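6 is the number of the first residue of the sequence shown in our numbering; add one for each residue after it.
No residue lacks a Cβ here, since even glycine has one placed at the ideal position from N, Cα and C.
What you are looking at is a predicted structure, and each value in this text was computed from that prediction instead of being measured.
Structure, as C-alpha coordinates:
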Amino acid sequence: MNKPELLAPAGSFKKLETALLYGADAVYVGGKEFSLRAYADNLDEYELRKAVEFAHAKGAKVYVTVNIFPKNSDFPEAEKYFKFLERIGADAALVTDAGFIALAKNVAPELPLHLSTQANTLNKYAVRFWAEQGISRVVLARELTANEISEITAFNPDTEIEVFVHGAMCISYSGRCLLSNYLAGRDGNRGECVQACRWHYKITETARNESAELVEDERGAYILNSKDLNLLKEIPRLAQAGVKSFKIEGRMKSEYYLATVVNAYRRAIDEYAAYGEIPSQELYEAETLKVTHRDYTKAYFDGANANTVSYLSGQHAGAYEFVGAVKGYARGKAVVEMRNRFRKGDILEVLSPGENFNRTFAVGEMTNESGETVTDAKLVQETLYMDVPFPLEAGDILRRKS
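This is how it looks when you write it as C-alpha coordinates:
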(Lines of atoms letter the chains of each structure in order from A and count residues from 1; the text may use other names and numbers.)
(Lines give C-alpha, C1' and ligand atoms only; values in the text may rest on other atoms or scores of the structure.)
Protein backbone atom coordinates (compact mmCIF):
# COMPACT_ATOMS: atom_id res chain seq x y z
CA MET A 1 0.00 0.00 0.00
CA ASN A 2 1.02 3.63 -0.47
CA LYS A 3 1.53 4.86 3.08
CA PRO A 4 -0.28 8.17 3.69
CA GLU A 5 1.79 11.21 4.52
CA LEU A 6 1.78 12.38 8.14
CA LEU A 7 1.70 16.18 8.07
CA ALA A 8 2.47 18.11 11.26
CA PRO A 9 2.29 21.78 12.26
CA ALA A 10 5.46 23.71 12.99
CA GLY A 11 4.92 27.12 14.55
CA SER A 12 8.67 27.62 15.04
CA PHE A 13 11.94 26.11 13.86
CA LYS A 14 12.27 24.17 17.11
CA LYS A 15 8.81 22.68 16.63
CA LEU A 16 9.78 21.73 13.09
CA GLU A 17 12.74 19.80 14.47
CA THR A 18 10.48 18.11 17.02
CA ALA A 19 7.85 17.14 14.43
CA LEU A 20 10.44 15.56 12.14
CA LEU A 21 12.21 13.76 14.98
CA TYR A 22 8.92 12.19 16.09
CA GLY A 23 8.02 10.95 12.63
CA ALA A 24 6.30 13.58 10.51
CA ASP A 25 6.79 13.11 6.77
CA ALA A 26 6.10 16.80 6.16
CA VAL A 27 5.45 19.99 8.09
CA TYR A 28 3.47 23.11 7.36
CA VAL A 29 4.89 26.42 8.49
CA GLY A 30 4.02 30.09 8.29
CA GLY A 31 6.19 33.01 7.39
CA LYS A 32 6.01 36.36 9.10
CA GLU A 33 3.33 37.49 6.64
CA PHE A 34 0.30 36.05 4.81
CA SER A 35 -0.31 33.26 7.34
CA LEU A 36 -3.50 32.51 9.29
CA ARG A 37 -1.54 32.03 12.52
CA ALA A 38 -0.06 35.49 12.93
CA TYR A 39 0.52 34.92 16.67
CA ALA A 40 2.58 31.76 16.25
CA ASP A 41 6.32 32.38 16.33
CA ASN A 42 6.46 31.71 12.59
CA LEU A 43 9.64 31.78 10.51
CA ASP A 44 11.48 34.66 8.90
CA GLU A 45 13.06 34.26 5.46
CA TYR A 46 16.35 32.99 6.85
CA GLU A 47 14.55 30.41 8.98
CA LEU A 48 12.33 29.35 6.07
CA ARG A 49 15.38 28.69 3.92
CA LYS A 50 17.02 26.81 6.78
CA ALA A 51 13.81 24.83 7.41
CA VAL A 52 13.62 23.65 3.80
CA GLU A 53 17.27 22.62 3.81
CA PHE A 54 16.90 20.83 7.16
CA ALA A 55 13.73 18.95 6.15
CA HIS A 56 15.04 17.95 2.72
CA ALA A 57 18.19 16.56 4.30
CA LYS A 58 15.93 14.25 6.29
CA GLY A 59 13.76 13.30 3.30
CA ALA A 60 10.83 15.40 4.53
CA LYS A 61 8.82 18.22 2.94
CA VAL A 62 7.91 21.78 3.92
CA TYR A 63 4.64 23.45 2.93
CA VAL A 64 4.34 27.18 3.57
CA THR A 65 1.01 28.77 4.44
CA VAL A 66 0.06 31.79 2.34
CA ASN A 67 -3.59 31.42 3.18
CA ILE A 68 -4.91 34.78 4.35
CA PHE A 69 -7.79 36.46 2.52
CA PRO A 70 -5.70 39.16 0.84
CA LYS A 71 -6.54 42.73 -0.09
CA ASN A 72 -5.23 44.72 -3.06
CA SER A 73 -2.39 46.14 -0.99
CA ASP A 74 -1.05 42.65 -0.22
CA PHE A 75 -0.17 41.72 -3.79
CA PRO A 76 3.14 43.56 -4.39
CA GLU A 77 4.78 41.89 -1.36
CA ALA A 78 3.09 38.58 -2.11
CA GLU A 79 4.69 38.55 -5.55
CA LYS A 80 8.14 38.78 -3.97
CA TYR A 81 7.18 36.14 -1.40
CA PHE A 82 6.01 33.54 -3.93
CA LYS A 83 9.22 34.04 -5.91
CA PHE A 84 11.23 33.57 -2.71
CA LEU A 85 9.41 30.34 -1.83
CA GLU A 86 10.06 28.95 -5.30
CA ARG A 87 13.72 29.96 -5.08
CA ILE A 88 14.36 28.20 -1.74
CA GLY A 89 12.67 24.99 -2.91
CA ALA A 90 9.57 25.01 -0.72
CA ASP A 91 7.53 21.91 -1.54
CA ALA A 92 4.26 23.85 -1.83
CA ALA A 93 2.50 27.06 -0.93
CA LEU A 94 -0.80 26.61 0.86
CA VAL A 95 -3.26 29.15 -0.59
CA THR A 96 -6.91 30.11 -0.34
CA ASP A 97 -7.54 33.12 -2.55
CA ALA A 98 -8.05 32.88 -6.31
CA GLY A 99 -6.07 36.07 -6.82
CA PHE A 100 -3.07 34.65 -4.97
CA ILE A 101 -3.37 31.44 -7.00
CA ALA A 102 -3.25 33.39 -10.27
CA LEU A 103 -0.33 35.47 -8.99
CA ALA A 104 1.70 32.46 -7.85
CA LYS A 105 1.17 30.60 -11.12
CA ASN A 106 2.40 33.64 -13.02
CA VAL A 107 5.46 34.63 -10.97
CA ALA A 108 6.50 31.25 -9.48
CA PRO A 109 5.36 28.60 -11.96
CA GLU A 110 7.54 25.85 -10.43
CA LEU A 111 6.04 26.29 -6.95
CA PRO A 112 3.35 23.64 -6.28
CA LEU A 113 0.08 24.99 -4.90
CA HIS A 114 -2.11 23.35 -2.25
CA LEU A 115 -5.61 24.67 -1.59
CA SER A 116 -6.25 25.52 2.07
CA THR A 117 -9.21 24.19 4.04
CA GLN A 118 -10.26 27.86 4.24
CA ALA A 119 -11.57 27.47 0.68
CA ASN A 120 -14.35 25.25 2.11
CA THR A 121 -14.05 22.50 -0.49
CA LEU A 122 -16.99 20.17 0.14
CA ASN A 123 -17.58 18.33 -3.15
CA LYS A 124 -15.83 16.44 -5.91
CA TYR A 125 -16.70 18.98 -8.59
CA ALA A 126 -15.01 21.80 -6.69
CA VAL A 127 -11.87 19.66 -6.34
CA ARG A 128 -11.85 19.09 -10.10
CA PHE A 129 -12.32 22.81 -10.72
CA TRP A 130 -9.38 23.71 -8.51
CA ALA A 131 -7.22 21.06 -10.18
CA GLU A 132 -7.97 22.72 -13.51
CA GLN A 133 -6.65 25.96 -12.01
CA GLY A 134 -3.30 24.34 -11.27
CA ILE A 135 -3.87 23.11 -7.71
CA SER A 136 -2.04 19.83 -7.05
CA ARG A 137 -3.55 19.13 -3.62
CA VAL A 138 -6.81 20.10 -1.92
CA VAL A 139 -7.22 20.23 1.85
CA LEU A 140 -10.86 19.29 2.33
CA ALA A 141 -13.22 21.09 4.66
CA ARG A 142 -13.60 19.37 8.04
CA GLU A 143 -17.38 19.08 7.61
CA LEU A 144 -17.33 15.95 5.40
CA THR A 145 -18.25 12.32 6.03
CA ALA A 146 -16.10 9.29 5.24
CA ASN A 147 -18.35 8.40 2.30
CA GLU A 148 -18.15 11.92 0.88
CA ILE A 149 -14.37 11.86 1.12
CA SER A 150 -14.28 8.54 -0.71
CA GLU A 151 -16.46 9.94 -3.51
CA ILE A 152 -14.15 12.93 -3.85
CA THR A 153 -10.95 10.88 -4.11
CA ALA A 154 -12.52 8.42 -6.57
CA PHE A 155 -13.70 11.28 -8.79
CA ASN A 156 -10.30 13.01 -8.67
CA PRO A 157 -7.63 10.28 -8.85
CA ASP A 158 -4.94 12.67 -10.08
CA THR A 159 -5.41 15.26 -7.34
CA GLU A 160 -3.92 14.73 -3.89
CA ILE A 161 -6.42 14.95 -1.04
CA GLU A 162 -5.44 16.11 2.44
CA VAL A 163 -7.69 15.70 5.49
CA PHE A 164 -7.42 17.02 9.04
CA VAL A 165 -7.27 14.11 11.49
CA HIS A 166 -6.49 15.74 14.84
CA GLY A 167 -6.70 19.01 16.73
CA ALA A 168 -8.84 22.04 17.42
CA MET A 169 -12.05 22.55 15.48
CA CYS A 170 -13.73 25.82 14.52
CA ILE A 171 -17.43 26.54 14.96
CA SER A 172 -17.48 28.22 11.53
CA TYR A 173 -17.14 26.42 8.23
CA SER A 174 -13.45 25.48 8.16
CA GLY A 175 -12.46 28.60 10.03
CA ARG A 176 -14.10 31.34 7.97
CA CYS A 177 -15.30 33.37 10.92
CA LEU A 178 -16.13 37.03 11.64
CA LEU A 179 -16.54 36.77 15.42
CA SER A 180 -12.99 37.77 16.33
CA ASN A 181 -13.04 40.83 14.09
CA TYR A 182 -16.48 41.90 15.28
CA LEU A 183 -15.84 41.47 19.01
CA ALA A 184 -12.15 42.24 19.35
CA GLY A 185 -11.02 43.98 16.18
CA ARG A 186 -8.68 41.12 15.28
CA ASP A 187 -9.40 39.54 11.91
CA GLY A 188 -9.29 35.75 12.01
CA ASN A 189 -9.27 35.67 8.21
CA ARG A 190 -5.96 37.52 8.25
CA GLY A 191 -4.30 35.43 10.96
CA GLU A 192 -5.25 37.34 14.12
CA CYS A 193 -8.05 35.21 15.62
CA VAL A 194 -8.71 35.90 19.31
CA GLN A 195 -10.74 32.64 19.60
CA ALA A 196 -13.94 34.41 20.59
CA CYS A 197 -15.73 31.09 20.10
CA ARG A 198 -14.12 29.89 23.36
CA TRP A 199 -15.68 32.67 25.45
CA HIS A 200 -18.55 32.28 27.93
CA TYR A 201 -21.76 33.74 26.49
CA LYS A 202 -25.24 34.59 27.70
CA ILE A 203 -27.81 34.72 24.93
CA THR A 204 -30.58 37.29 24.94
CA GLU A 205 -33.48 37.04 22.54
CA THR A 206 -35.53 40.22 22.04
CA ALA A 207 -39.14 39.88 20.80
CA ARG A 208 -42.23 42.05 21.23
CA ASN A 209 -40.18 44.50 23.29
CA GLU A 210 -39.38 41.79 25.79
CA SER A 211 -36.07 40.13 26.55
CA ALA A 212 -35.71 36.48 27.47
CA GLU A 213 -32.32 35.43 28.75
CA LEU A 214 -31.30 31.94 27.68
CA VAL A 215 -28.52 30.34 29.73
CA GLU A 216 -27.36 26.78 29.02
CA ASP A 217 -27.06 25.12 32.46
CA GLU A 218 -24.64 24.81 35.37
CA ARG A 219 -21.81 23.96 32.98
CA GLY A 220 -22.03 27.38 31.34
CA ALA A 221 -23.01 28.66 27.93
CA TYR A 222 -20.07 27.79 25.74
CA ILE A 223 -22.36 27.17 22.76
CA LEU A 224 -19.73 28.18 20.17
CA ASN A 225 -16.89 26.12 21.65
CA SER A 226 -16.12 23.02 19.59
CA LYS A 227 -14.62 19.76 20.81
CA ASP A 228 -11.26 18.65 19.41
CA LEU A 229 -11.03 16.33 16.43
CA ASN A 230 -9.53 12.86 16.87
CA LEU A 231 -9.61 10.39 13.96
CA LEU A 232 -6.76 8.12 15.03
CA LYS A 233 -8.98 5.03 15.04
CA GLU A 234 -10.19 5.96 11.53
CA ILE A 235 -6.75 5.76 9.92
CA PRO A 236 -7.70 2.54 8.06
CA ARG A 237 -10.87 4.05 6.58
CA LEU A 238 -9.08 7.23 5.57
CA ALA A 239 -6.28 5.27 3.92
CA GLN A 240 -8.77 3.04 2.11
CA ALA A 241 -10.58 6.17 0.93
CA GLY A 242 -7.43 7.24 -0.88
CA VAL A 243 -6.49 10.19 1.32
CA LYS A 244 -2.91 11.22 0.56
CA SER A 245 -2.09 13.26 3.65
CA PHE A 246 -3.22 13.10 7.28
CA LYS A 247 -2.97 16.57 8.81
CA ILE A 248 -2.55 17.47 12.49
CA GLU A 249 -3.72 20.93 13.59
CA GLY A 250 -1.73 23.03 16.04
CA ARG A 251 0.91 25.60 15.06
CA MET A 252 0.22 27.28 18.40
CA LYS A 253 0.58 24.07 20.42
CA SER A 254 3.58 23.18 22.61
CA GLU A 255 6.53 21.02 21.64
CA TYR A 256 5.31 18.38 24.09
CA TYR A 257 1.85 18.32 22.51
CA LEU A 258 3.39 18.05 19.06
CA ALA A 259 5.77 15.24 20.00
CA THR A 260 3.04 13.22 21.72
CA VAL A 261 0.43 13.47 18.99
CA VAL A 262 2.83 13.04 16.06
CA ASN A 263 4.38 10.01 17.77
CA ALA A 264 0.97 8.39 18.30
CA TYR A 265 -0.15 8.88 14.70
CA ARG A 266 3.24 7.85 13.31
CA ARG A 267 3.11 4.55 15.15
CA ALA A 268 -0.54 3.96 14.26
CA ILE A 269 0.04 4.62 10.56
CA ASP A 270 3.08 2.36 10.52
CA GLU A 271 1.16 -0.46 12.21
CA TYR A 272 -1.67 -0.14 9.71
CA ALA A 273 0.78 -0.22 6.81
CA ALA A 274 2.43 -3.34 8.23
CA TYR A 275 -0.62 -5.31 9.35
CA GLY A 276 -3.68 -3.84 7.67
CA GLU A 277 -4.99 -2.90 11.11
CA ILE A 278 -3.77 -1.09 14.23
CA PRO A 279 -3.18 -3.73 16.94
CA SER A 280 -2.02 -1.11 19.47
CA GLN A 281 -4.82 1.37 18.76
CA GLU A 282 -5.88 1.68 22.41
CA LEU A 283 -2.30 2.48 23.42
CA TYR A 284 -2.04 5.26 20.87
CA GLU A 285 -5.46 6.66 21.72
CA ALA A 286 -4.36 6.78 25.36
CA GLU A 287 -1.39 8.87 24.24
CA THR A 288 -3.73 11.57 22.94
CA LEU A 289 -5.12 11.89 26.48
CA LYS A 290 -1.69 12.72 27.88
CA VAL A 291 -1.72 16.25 26.42
CA THR A 292 -3.94 19.27 26.90
CA HIS A 293 -7.14 18.77 24.93
CA ARG A 294 -10.86 19.36 24.85
CA ASP A 295 -13.25 16.43 24.74
CA TYR A 296 -12.64 14.53 21.52
CA THR A 297 -15.05 14.06 18.63
CA LYS A 298 -15.03 12.47 15.19
CA ALA A 299 -17.08 15.48 14.07
CA TYR A 300 -19.03 14.60 10.91
CA PHE A 301 -16.93 11.62 9.82
CA ASP A 302 -19.83 9.20 10.31
CA GLY A 303 -22.54 11.67 9.30
CA ALA A 304 -24.63 14.34 10.99
CA ASN A 305 -23.49 14.95 14.56
CA ALA A 306 -25.16 17.30 17.03
CA ASN A 307 -22.66 16.45 19.78
CA THR A 308 -19.62 18.48 18.74
CA VAL A 309 -19.94 21.35 21.22
CA SER A 310 -17.68 21.47 24.30
CA TYR A 311 -19.49 22.92 27.32
CA LEU A 312 -16.29 23.20 29.34
CA SER A 313 -14.71 26.61 29.84
CA GLY A 314 -11.21 25.31 29.21
CA GLN A 315 -9.33 22.18 28.30
CA HIS A 316 -8.39 18.96 30.05
CA ALA A 317 -4.90 19.42 31.44
CA GLY A 318 -3.69 16.07 30.13
CA ALA A 319 -2.86 12.97 32.11
CA TYR A 320 0.90 13.64 32.09
CA GLU A 321 3.16 16.64 32.62
CA PHE A 322 6.32 17.37 30.63
CA VAL A 323 9.15 17.56 33.19
CA GLY A 324 12.40 17.17 31.26
CA ALA A 325 13.95 17.30 27.80
CA VAL A 326 16.78 14.85 27.16
CA LYS A 327 19.78 16.54 25.54
CA GLY A 328 22.09 13.54 25.33
CA TYR A 329 24.57 11.57 27.39
CA ALA A 330 27.65 12.78 29.25
CA ARG A 331 29.66 11.57 32.23
CA GLY A 332 27.82 8.26 31.89
CA LYS A 333 24.53 9.94 32.71
CA ALA A 334 21.52 11.34 30.87
CA VAL A 335 21.74 15.09 30.34
CA VAL A 336 18.29 16.54 31.02
CA GLU A 337 16.98 20.09 30.82
CA MET A 338 14.36 20.59 33.54
CA ARG A 339 10.98 21.88 32.31
CA ASN A 340 8.65 21.27 35.29
CA ARG A 341 9.40 20.34 38.87
CA PHE A 342 10.18 16.75 39.82
CA ARG A 343 11.98 15.05 42.70
CA LYS A 344 14.16 12.08 43.50
CA GLY A 345 11.94 8.99 43.76
CA ASP A 346 9.33 10.21 41.25
CA ILE A 347 8.32 7.71 38.57
CA LEU A 348 8.95 9.19 35.13
CA GLU A 349 7.80 7.90 31.75
CA VAL A 350 9.77 8.35 28.53
CA LEU A 351 8.18 9.75 25.39
CA SER A 352 10.40 8.72 22.51
CA PRO A 353 10.28 8.11 18.76
CA GLY A 354 12.46 5.05 19.40
CA GLU A 355 12.53 2.00 21.62
CA ASN A 356 12.36 3.98 24.85
CA PHE A 357 8.70 4.81 24.18
CA ASN A 358 6.69 4.53 27.43
CA ARG A 359 9.51 2.99 29.47
CA THR A 360 9.51 4.12 33.09
CA PHE A 361 12.07 4.57 35.83
CA ALA A 362 12.35 6.02 39.32
CA VAL A 363 14.40 9.20 39.56
CA GLY A 364 17.69 8.35 41.25
CA GLU A 365 20.87 10.34 41.74
CA MET A 366 20.99 13.77 40.08
CA THR A 367 23.69 16.42 39.96
CA ASN A 368 23.81 19.90 38.46
CA GLU A 369 26.52 21.37 36.24
CA SER A 370 28.58 22.21 39.32
CA GLY A 371 28.51 18.58 40.43
CA GLU A 372 26.23 19.34 43.39
CA THR A 373 23.62 16.74 44.36
CA VAL A 374 20.05 17.65 43.48
CA THR A 375 17.07 15.93 45.10
CA ASP A 376 14.41 18.47 44.07
CA ALA A 377 14.59 19.68 40.46
CA LYS A 378 12.88 23.04 40.75
CA LEU A 379 15.07 25.46 38.79
CA VAL A 380 13.51 25.99 35.36
CA GLN A 381 15.77 24.89 32.47
CA GLU A 382 18.52 23.76 34.86
CA THR A 383 20.80 21.17 33.28
CA LEU A 384 20.84 17.95 35.29
CA TYR A 385 22.94 14.79 35.05
CA MET A 386 20.71 11.84 35.94
CA ASP A 387 21.21 8.15 36.61
CA VAL A 388 18.80 6.26 34.33
CA PRO A 389 18.74 2.43 34.17
CA PHE A 390 18.71 2.41 30.35
CA PRO A 391 20.22 4.70 27.71
CA LEU A 392 18.18 7.68 26.57
CA GLU A 393 18.47 9.52 23.27
CA ALA A 394 18.65 13.24 22.57
CA GLY A 395 15.11 14.40 21.85
CA ASP A 396 13.45 11.98 24.27
CA ILE A 397 10.99 13.63 26.65
CA LEU A 398 10.48 12.81 30.32
CA ARG A 399 6.97 13.11 31.70
CA ARG A 400 5.24 12.43 35.00
CA LYS A 401 1.66 11.38 35.63
CA SER A 402 -0.33 14.39 36.80
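Exercise for review: Label residue 49 either buried or exposed according to how many other C-beta atoms from any shown protein chain fall within 10 Å of its C-beta, with 16 as the threshold for buried.
Suggested key: For this step, residue 49 is matched to residue 44 along the sequence shown. Residue 49 comes out exposed.
Exercise for review: Work out the CA separation of residue 237 and residue 148 for me, nearest whole Å.
Suggested key: Numbered from its first residue, the sequence shown carries residue 148 at position 143. Numbered from its first residue, the sequence shown carries residue 237 at position 232. When rounded, the distance between both Cα atoms is 17 Å.
Check your understanding: Taking Cβ to Cβ, would you say residue 5 is nearer than 9 Å to residue 246?
Key -> The structure shown has nothing for residue 5, since the chain only spans 6 to 407.
Check your understanding: Which whole runs of the alpha helix (DSSP H) in the region 222 to 304 are 4 residues long or more, in chain order?
Key -> 240 to 245, 260 to 280 and 286 to 292
Exercise for review: Determine whether the Cβ of residue 32 lies closer than 9 Å to any Cβ atom of chain C.
Suggested key: Here chain C cannot be found, since the structure has a single protein chain.
**Study point:** For residue 325, the three-state DSSP class (helix, strand or coil)
**Key:** As a first step, residue 325 must be located in the sequence shown, where it is residue number 320. DSSP places residue 325 in strand when its eight states are reduced to three.
Check your understanding: Taking Cβ positions, are residue 292 and residue 266 nearer each other than 9 Å?
Key -> For the purposes of this step, residue 292 is identified with residue 287 of the sequence shown, where counting begins at 1. For the purposes of this step, residue 266 is identified with residue 261 of the sequence shown, where counting begins at 1. Contact: yes.
Exercise for review: Decide if the region 14 to 33 is in contact with the region 248 to 257; the criterion is three or more beta carbon pairs, one per stretch, under 8 Å apart.
Suggested key: yes
Practice item. Note the first and the last residue of the continuous beta strand (DSSP E) segment covering residue 58. Key: If you number the sequence shown from 1, residue 58 lands on position 53. Careful: residue 58 lies outside any beta strand (DSSP E), inside the alpha helix (DSSP H) at 50 to 62.
Review point. If you drop the 5 nearest sequence neighbours on each side, which residues of the same chain put their C-beta closer than 8 Å to that of residue 321?
Key: By 1-based counting over the sequence shown, the position of residue 321 is 316. So the list reads 294, 297, 298, 299 and 300, once near-sequence residues are dropped.
**Study point:** Pick from 77, 242 and 403 that is closest to residue 348, judged by C-alpha positions
**Key:** For the purposes of this step, residue 348 is identified with residue 343 of the sequence shown, where counting begins at 1. The residue with the shortest Cα to Cα distance from residue 348 is 403.
Exercise for review: Could you give the DSSP three-state label for residue 79: helix, strand or coil?
Suggested key: As a working mapping, residue 79 is identified with position 74 in the sequence shown. Of the three classes helix, strand and coil, the one that applies to residue 79 here is helix, per DSSP.
Exercise for review: In angstroms with no decimal places, state the Cα-to-Cα distance between residue 119 and residue 58.
Suggested key: By 1-based counting over the sequence shown, the position of residue 119 is 114. By 1-based counting over the sequence shown, the position of residue 58 is 53. Rounded to whole angstroms, residue 119 to residue 58 spans 20 Å at the Cα level.
Practice item. Measure the beta-carbon distance from residue 399 to residue 389 and round it to whole angstroms, keeping in mind my assumption that it falls under 8 Å. Key: Here residue 399 refers to the residue found at position 394 of the sequence shown. Here residue 389 refers to the residue found at position 384 of the sequence shown. Their Cβ separation, rounded to whole angstroms, is 15 Å, which puts residue 399 and residue 389 out of contact at 8 Å.
Check your understanding: What separation, rounded to the nearest whole angstrom, lies between the Cα atoms of residue 16 and residue 72?
Key -> Taking the sequence shown and counting its residues from 1, one reaches residue 16 at position 11. Taking the sequence shown and counting its residues from 1, one reaches residue 72 at position 67. Approximately 15 Å, taken between the alpha carbons.
Practice item. Between the Cα of residue 83 and those of 38, 307, 250 and 129, spot the shortest distance and give me the residue it belongs to. Key: Position 78 of the sequence shown, counting from 1, holds the residue named residue 83. When each option's Cα is compared against that of residue 83, the closest is 38.
Exercise for review: For residue 142, name the three-state secondary structure that DSSP assigns.
Suggested key: Numbered from its first residue, the sequence shown carries residue 142 at position 137. In this structure, residue 142 counts as strand in the three-state DSSP scheme.
Point to revise | CA-to-CA distance, residue 281 to residue 426, given in whole angstroms | key: Nothing about residue 426 can be read from this structure; the chain reaches only from 6 to 407.
Practice item. Between the Cα of residue 103 and those of 76, 115 and 92, spot the shortest distance and give me the residue it belongs to. Key: Walking along the sequence shown from the start, residue 103 turns up at place 98. When each option's Cα is compared against that of residue 103, the closest is 76.
Review point. Around the C-beta of residue 375, are 16 or more other C-beta atoms found within 10 angstroms, so that it is buried, or is it exposed?
Key: As a working mapping, residue 375 is identified with position 370 in the sequence shown. Result: exposed.
Check your understanding: Smallest Cα separation from residue 361: which of 337, 175, 395 and 372?
Key -> Walking along the sequence shown from the start, residue 361 turns up at place 356. The residue with the shortest Cα to Cα distance from residue 361 is 395.
Check your understanding: Does the distance from the CB of residue 261 to the CB of residue 169 come in under 9 Å?
Key -> On the sequence shown, residue 261 is found 256 positions in, with the first residue counted as 1. On the sequence shown, residue 169 is found 164 positions in, with the first residue counted as 1. No, the pair does not count as a contact, with Cβ atoms beyond the cut-off.
Check your understanding: Between which two residues does the alpha helix (DSSP H) containing residue 26 stretch?
Key -> Along the sequence shown, one-based indexing puts residue 26 at 21. Segment 18 to 26, the alpha helix (DSSP H) holding residue 26.
Review point. In terms of alpha-carbon separation, which member of 100, 277 and 151 lies closest to residue 138?
Key: Taking the sequence shown and counting its residues from 1, one reaches residue 138 at position 133. Residue 100 is the option with its Cα nearest to residue 138.
Review point. Between which two residues does the beta strand (DSSP E) harbouring residue 169 extend?
Key: One-based indexing of the sequence shown puts residue 169 at position 164. Residues 165 to 172.
Check your understanding: Are the Cβ atoms of residue 81 and residue 274 separated by less than 9 Å?
Key -> Locating residue 81 in the sequence shown gives position 76, counting from the first residue. Locating residue 274 in the sequence shown gives position 269, counting from the first residue. No, Cβ-Cβ distance for residue 81 and residue 274 is not below 9 Å.
Practice item. Pull up the distance between the alpha-carbon of residue 32 and that of residue 370, whole angstroms please. Key: As a position in the sequence shown, residue 32 is number 27, starting the count at 1. As a position in the sequence shown, residue 370 is number 365, starting the count at 1. Their Cα atoms are separated by approximately 38 Å.
Check your understanding: In three-state DSSP terms, what is residue 104?
Key -> Within the sequence shown, the letter at position 99 stands for residue 104. Here residue 104 sits in helix by DSSP.
Exercise for review: Along the alpha helix (DSSP H) that carries residue 340, what are the first and last residues, could you check?
Suggested key: To locate residue 340, count along the sequence shown from 1; it is residue 335. Where residue 340 is concerned, there is no enclosing alpha helix (DSSP H), although the beta strand (DSSP E) around it starts and stops at 338 to 343.
Practice item. Figure out for me which residue from 91, 64 and 25 has the closest Cα to the Cα of residue 54. Key: As a first step, residue 54 must be located in the sequence shown, where it is residue number 49. Among 91, 64 and 25, the Cα nearest to that of residue 54 belongs to 91.
Review point. Rounded C-beta distance between residue 243 and residue 14? I'm assuming under 8 Å.
Key: Translated into positions along the sequence shown, residue 243 becomes position 238. Translated into positions along the sequence shown, residue 14 becomes position 9. Between residue 14 and residue 243 the Cβ distance is about 18 Å, and since that is not below 8 Å, they are no contact.
Practice item. Look at the alpha carbon of residue 407 and the alpha carbon of residue 344, and state the distance between them as a whole number of angstroms. Key: In the sequence shown, counting from the first residue as 1, residue 407 sits at position 402. In the sequence shown, counting from the first residue as 1, residue 344 sits at position 339. Roughly 14 Å between the two C-alpha positions.
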